[in-house]
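What follows is a set of notes on a single structure, which appears directly below.
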Amino acid sequence: MQRLFSRFHSLSRLPFRSIRATMSDTVAAAAAVATTNTTNTTTPTTDTTTATTMPRKLEGYEFFEKTLGSPRFILAPMVDASEQAWRILTRRYGAHACYTPMFHARLFSDPQNGHKYRADQWSTDENDRPTIVQFCANDPDILLRAAKLVEHECDAVDLNLGCPQHIAKRGFYGSYLQDEWELIEKMVSTLHRELAVPVTVKIRVFTDVEKTIRYAKMIEKAGAQLLTVHGRLREQKGHHTGLADWDKIKAVKQALKIPVIANGNILYYDDVQRCIDYTGVDGVMTAEGALYNPAIFMDRKMPPCTWEMAKEYLEIVRDYTPKLRHGIIKGHLFKVMHSSLPHHKDLRERLGKASTWQESYDVVLQLRDRLEEDRKRIGEEHLSGQPDEKGIRQYGHWRCQPNIRPPLPEGYGKKKDKKNKNQEQDKENNEKKRDNEDSAEHSKEEVA
1 MQRLFSRFHS
11 LSRLPFRSIR
21 ATMSDTVAAA
31 AAVATTNTTN
41 TTTPTTDTTT
51 ATTMPRKLEG
61 YEFFEKTLGS
71 PRFILAPMVD
81 ASEQAWRILT
91 RRYGAHACYT
101 PMFHARLFSD
111 PQNGHKYRAD
121 QWSTDENDRP
131 TIVQFCANDP
141 DILLRAAKLV
151 EHECDAVDLN
161 LGCPQHIAKR
171 GFYGSYLQDE
181 WELIEKMVST
191 LHRELAVPVT
201 VKIRVFTDVE
211 KTIRYAKMIE
221 KAGAQLLTVH
231 GRLREQKGHH
241 TGLADWDKIK
251 AVKQALKIPV
261 IANGNILYYD
271 DVQRCIDYTG
281 VDGVMTAEGA
291 LYNPAIFMDR
301 KMPPCTWEMA
311 KEYLEIVRDY
321 TPKLRHGIIK
331 GHLFKVMHSS
341 LPHHKDLRER
351 LGKASTWQES
361 YDVVLQLRDR
371 LEEDRKRIGE
381 EHLSGQPDEK
391 GIRQYGHWRC
401 QPNIRPPLPE
411 GYGKKKDKKN
421 KNQEQDKENN
431 EKKRDNEDSA
441 EHSKEEVA
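The opening residue of the sequence shown carries number 1 in full-length UniProt numbering; numbering runs sequentially from there.
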């Protein structure tokens, strides 16, 4: 993510073969796209005042069922990772709905340089549905300006309130808006009121489950038509990622009337149904699960071979989508082949040095030949998914395998929670002190 945002002011691309976000922004073009796509998200209703037919925006479960098709398997928004090529691949293997990468609303809609950013980041076509476009923002007007550029090329617009990275802290967006409820309410309500498509929101949880529920209810009341709950704290990232808390997700689901999507702890296909059964959510989203195994949403006896997924992805990049930065391509290859490359370090080194599509493709083909030899030599009798003592399924290194998160130390977050509670109490005491001082000063003025 750090690398992505450091490139914000130096982005440029040639026009794409697919429909691009670099629209001419003319009224005619916008109207043409609107006419084509509004049927996906609206139904006609009659305005008795003007006697004309106006579109009615679908909401809640009507939107979830009729527009999104009641998706159970959902690809998460991922910076530099859920681009159109990856969305195509995951849809082939069972994804029901996809999110775009998180886009920076200000840069996406910048009047002078926004077209460069959109050209580099955003592409879609008529087959890329249902798709939800995600933005990070901290200003309702800028968020709306960005969302207006895509409202007729997507099925909903999502507000990111979950990004925990340091760049989000510096930019004041993502999960670092968690305590700015008034601002969040204004951003969500603005999109709900002004957009032709529904607004959805993705959040992280608080340590306190009751606060998490109040937070979710506030967002629902503001106009969100779907809520995704990542069951991790803002502090759970990097080496401290740990496990997601399904109990908090379950509590939110029970408290809300709109559809709720769960995010976190999805390693295998079976985990999706296990999560739904435990939490009662309407669907399950995964990020890393799909990065390491793009076929995670498909019920199959064995996961696919790493080289198969890498080869298919590269061919999608070549045949179906606009030109991608090679760094995005290599990022996918290293993740999908992470179980294989340590066994063939010379090819890992070659992939690291690759700077073109063809060089990467050649590495994948050579790795394919070696991995097939490994499979014939080693066999899969004892590597067909038998769980080890920790419950991790055992497969040959030629197959896609999840990235296993180590558990956090016992009591993680409790000390920070106590500190936060003390800070909140101090803030409340200071506010009361100021109120008393203002009251006393006002009394003096009245006496005077």
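Think of the CB as a built atom: it goes at the ideal place given N, C-alpha and C, for glycine as much as any other residue.
All values derive from a computational prediction rather than experimental measurement.
Test item: CB-CB of residue i and residue j under 8 Å
i, j, result
"T200", "D247", "no"
"P259", "Y61", "yes"
"M285", "N263", "yes"
"A251", "V281", "no"
"S360", "T306", "no"
"F135", "A95", "no"
"K335", "L291", "yes"
"I276", "T228", "no"
"M78", "A287", "yes"
"W122", "F103", "yes"
"M187", "A147", "no"
"G289", "P402", "yes"
"G174", "P164", "yes"
"Y202", "N160", "The amino acid occupying residue 202 in the given sequence is Lys; Tyr does not appear at that position. Contact flag set, yes."
"R204", "G162", "yes"
"A156", "P198", "yes"
"H192", "A222", "yes"
"L107", "E312", "no"
"H344", "L367", "yes"
Residues near residue i by beta carbon distance below 7 Å, same chain, minus five either side
i, result
"E83", "P101, L324 and I328"
"E372", "none"
"Y93", "P294, A295, F297 and M298"
"I392", "I404"
"L144", "T190, L191 and E194"
"S109", "I142, R145, A146 and L149"
"L233", "R204, V205, T207 and G413"
"T279", "W246, I249, K250, K253 and A262"
"F347", "For the sequence presented, residue 347 should be read as Leu rather than Phe. Within the same chain, L347 has close Cβ partners L341, V363, Q366 and L367."
"D80", "L4, P101, I328 and G331"
"R370", "H344"
Which listed residue (the options) has its alpha carbon closest to that of residue i
i, options, result
"D141", "T190, R214 and G223", "T190"
"C400", "E381, H332 and E349", "H332"
"A224", "E389, F63, G391 and D388", "F63"
"T67", "H382, F73 and L58", "L58"
"W398", "D388, P387 and G379", "G379"
"I213", "I316, A244, H239 and A255", "A255"
"R300", "Y268, V317, T321 and R318", "Y268"
"A76", "D120, Y117, D125 and I132", "I132"
"A154", "P130, I316, H240 and L226", "The question names Ala, but residue 154 in the sequence shown is Cys. Closest by alpha carbon: P130."
"I219", "E180, A196 and A244", "E180"
With 16 other Cβ atoms within 10 Å as the buried cut-off, status of residue i
i, result
"K257", "exposed"
"S355", "exposed"
"G396", "buried"
"L365", "exposed"
"I184", "buried"
"N127", "exposed"
"I404", "exposed"
"G385", "exposed"
"residue 450", "In this structure the chain extends from 1 to 448, so residue 450 is not present and cannot be described."
"D270", "exposed"
"R377", "exposed"
"P407", "exposed"
"R91", "buried"
"P322", "buried"
"G114", "buried"
"residue 478", "Residue numbering for the chain in the displayed model covers 1 to 448; residue 478 lies beyond these limits and cannot be assessed."
"R318", "exposed"
"D120", "buried"
"E349", "exposed"
"E182", "exposed"
"M337", "buried"
Residues of its chain near residue i, where Cβ-Cβ distance is below 6 Å and the 5 sequence neighbours each way are ignored
i, result
"P71", "H96, A97 and G283"
"S6", "The predicted position of S6 is uncertain, since its pLDDT is 45 and thus under 50; a value taken from the coordinates is nonetheless stated next. Hits under 6 Å: none found."
"F73", "G94, A95, H96 and F297"
"K237", "P164"
Close Cβ partners of residue i (< 8 Å) along its chain, the five nearest in sequence each way excluded
i, result
"D388", "Q394"
"H326", "A354, S355, T356, W357 and S360"
"H382", "Q394"
Any chain D beta carbon closer than 8 Å to residue i
i, result
"P101", "The question asks about chain D, but that chain is absent: this structure has only one protein chain."
Run through the segment 103-130 for me and flag every whole beta strand (DSSP E) of 3 or more residues, listed as ranges in chain order.
none
Taking only runs of the beta strand (DSSP E) that begin and end inside the segment 47-95, which ones reach a length of at least 3 residues, in chain order?
52-57 and 73-75
For a minimum of 4 consecutive residues, which ranges assigned as the alpha helix (DSSP H) are wholly contained in the segment 250-318?
269-279 and 288-292
Please list the segments of the alpha helix (DSSP H) lying wholly inside the segment 334-399, counting only runs of 4 or more residues, in order along the chain.
345-353 and 357-378
Every unbroken alpha helix (DSSP H) inside the segment 148-213 [4 residues or more]:
166-171 and 181-194
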